[in-house]
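Student: Residue 2 is where the sequence shown starts when you use this note's numbering, and the numbers rise one by one after that. Note that the Cβ used here is the ideal one computed from N, Cα and C, for glycine as well.
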Amino acid sequence: MFQGPFRSYQEKIHTDIMDGYFPSELQSRFPDGVTFQVTDKHKEVFQEQRRWNDLPGSGPDYKFLNRLAKSAVREGRIVHIRGAVEEALQGSEENEMPKEILVESPQLSKEQSTQNIAVSTLRIRSESGDKTYKVRMLSSETLANLRHYLPLCRAPDLASYNIIRPFPYCVYEDDTCTLEEIGLVPNAFQVIRARSGGGTNKQSQK
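1. Using a 10 Å radius around the Cβ and a threshold of 16 neighbouring Cβ atoms, would you call residue 168 buried or exposed?
2. Could you pull the start and end residues of the alpha helix (DSSP H) that residue 18 belongs to?
3. Would you mind sorting residue 146 into buried or exposed? The rule is 16 or more other CB atoms within 10 Å of its CB.
4. Could you tell me which of 181, 165 and 182 sits nearest to residue 174, measuring between CA atoms?
5. Could you tell me the alpha carbon to alpha carbon distance between residue 1 and residue 43, rounded to whole angstroms?
6. Verify whether the separation of the beta carbon atoms of residue 122 and residue 176 is less than 8 Å.
7. Identify the residues that DSSP records as bridge partners of residue 163: which are they?
8. As a quick exercise: from 14, 45 and 46, pick the residue whose alpha carbon is nearest that of residue 37.
9. Please identify the residue among 193, 139, 104 and 150 whose C-alpha is closest to the C-alpha of residue 170.
10. Can you check whether the CB of residue 139 is closer than 8 Å to the CB of residue 182?
11. Just reading off the alpha helix (DSSP H) that residue 148 is part of, what are its end residues?
12. Compute the beta-carbon to beta-carbon distance between residue 126 and residue 133, rounded to the nearest angstrom, for a pair I have assumed lies under 8 Å.
13. Count the other C-beta atoms from every protein chain shown that fall within 10 angstroms of the C-beta of residue 153, then say buried if there are 16 or more, exposed otherwise.
14. Would you mind working out which of 128, 117 and 110 sits nearest residue 137, comparing C-alpha positions?
15. Please state whether DSSP places residue 182 in a helix, a strand or coil.
16. Flag this pair as yes or no: are the beta carbons of residue 104 and residue 162 separated by less than 8 Å?
17. Apart from the five residues just before and just after residue 25, which ones in its own chain have a Cβ nearer than 6 Å to its Cβ?
18. Rounded to whole angstroms, what is the Cα-Cα separation between residue 39 and residue 197?
19. Let me know the secondary structure DSSP gives residue 45 once reduced to three states.
So this is what it looks like as structure tokens:
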């Protein structure tokens, strides 16, 4: 991407795309979205280029990190050099896979012995993107039920939020609707966004 290095499938940008969500990494560059061009290269063998293997050139081979001093003294302070460089090369924590938290409806637990019950499995990305709530509910339960279950695994002060379907874009605000009525069956992906202000309880699309 942007003529940059090969990206791991475990990075957050790929999990965003696979979940149907426009990658947060690209939102500042493309605030109105952008069309992705996909090229099928599954028949090509990827040749890994390690980030700190032997340095090129003549003379003895050295490991890049091993050539760095572990620490140095600058202006009377100890500066840790090798650890900081290694951390930068390995990437930041924001590219890690989001943590998945399982939430199950009490109503579903009661009905599990019943045959042919309709179940919805929702995967909901948190505001920061570092957590995904995997919620299993009866399809007959409502958005109000969902809003009741989410605080069980979230901080109490994170109550004011919108539940959004990224594509096609839709904000779910009518809490009286059942999951089945708004098409969140049998599986669906949503994201949570903090509310910027007050609003009426209605579904909005664009």
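Tutor: Inspection of the coordinates gives the following:
1. Looking at its Cβ environment, which holds fewer than 16 other Cβ atoms inside 10 Å, residue 168 is exposed.
2. Here the alpha helix (DSSP H) through residue 18 covers 13–19.
3. Counting the other Cβ atoms within 10 Å of the Cβ of residue 146 gives 16 or more, which makes it buried.
4. When only C-alpha atoms are compared, the closest one is 165.
5. The chain is shown only over 2 to 207; residue 1 falls outside these bounds and no answer can be derived.
6. Not a contact, by the Cβ cut-off of 8 Å.
7. According to DSSP, residue 163 bridges with 194.
8. Relative to the Cα of residue 37, the nearest Cα in the group 14, 45 and 46 belongs to 14.
9. Considering only alpha carbons, the answer is 193.
10. Result no, Cβ atoms of residue 182 and residue 139 do not sit closer than 8 Å.
11. First-last of the alpha helix (DSSP H) with residue 148: 144–150.
12. Right, the Cβ-Cβ distance comes to about 5 Å (below 8 Å), so this counts as a contact.
13. Under this definition residue 153 is an exposed residue.
14. Selection 128, 117 and 110 evaluated against residue 137 yields 110 as nearest (Cα-Cα).
15. Coil, per DSSP.
16. A distance of 8 Å or more separates the beta carbons of residue 104 and residue 162.
17. Sequence-distant partners of residue 25 (beyond 5 residues in either direction) whose C-beta falls short of 6 Å from its own C-beta, in its chain, are 130.
18. About 34 Å.
19. Correct three-state label for residue 45: coil.
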